[in-house]
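Before any comments, here is the structure.
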Amino acid sequence: MANKENFSTIINRYFKNDYRERGKIKWNGYFLSDHTSSLVKENVQRNQKPQKLPTIPLNEAQSILQHSCVNYHIVTVQQNIETTDGYLIPNVTGLVDGFTALGVYINQQFIAYEDIRTVIREK
Numbered sequence: 001m002a003n004k005e006n007f008s009t010i011i012n013r014y015f016k017n018d019y020r021e022r023g024k025i026k027w028n029g030y031f032l033s034d035h036t037s038s039l040v041k042e043n044v045q046r047n048q049k050p051q052k053l054p055t056i057p058l059n060e061a062q063s064i065l066q067h068s069c070v071n072y073h074i075v076t077v078q079q080n081i082e083t084t085d086g087y088l089i090p091n092v093t094g095l096v097d098g099f100t101a102l103g104v105y106i107n108q109q110f111i112a113y114e115d116i117r118t119v120i121r122e123k
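Spelled out as structure tokens, the structure:
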């Protein structure tokens with residue numbers, strides 16, 4: 001019994017005074033290469049600045065959106081909203097989920113008609 005108490009005291013002292021956590025270094029080996037590459041890809045997409053596409057009339061954009069909704073086509077919508085840096089916000093790509101009187105839902109994200117710059121139907 002004295003041995004167990006002595007061992008417990010030694011272990012507690014070790015973790016209290018001598019043990020040094022290696023932090024992130026300890027976990028780097030657990031990242032898989034595909035996870036690392038997906039993080040890099042996500043970072044590139046997040047920092048990518050969309051090029052300004054030509055503006056189309058609203059009725060043409062609504063027509064493309066309605067046709068894409070009925071036929072389950074994927075669309076890309078570029079909004080006419082700029083960041084503080086002067087770049088357009090990232091394009092929204094996906095299926096058309098639905099419409100309201102004020103805008104459209106794409107991938108559950110609302111886009112106001114007044115903000116739509118252009119709509120492209122993906123092939």
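The numbering of the sequence shown is the UniProt record's numbering, which starts it at 1 and goes up by one.
C-beta: ideal position from N, C-alpha, C; glycine also.
Note that the coordinates shown come from a computational prediction; the quantities given were computed from them, not determined experimentally.
- Residues of the same chain with a CB within less than 7 Å of the CB of LEU65, apart from the 5 flanking positions on each side, are VAL75, VAL96, VAL104, VAL119 in chain order.
- THR9 and GLN109 have their C-alpha atoms some 58 Å from each other.
- Inclusion of GLY94 and ILE81 in the CB contact set at 9 Å is not warranted, their separation being larger than that value.
- ALA112 counts as exposed, since fewer than 16 other beta carbons sit within 10 angstroms of its beta carbon.
- Using a Cβ distance threshold of 9 Å, GLN62 and ARG117 do not count as a contacting pair.
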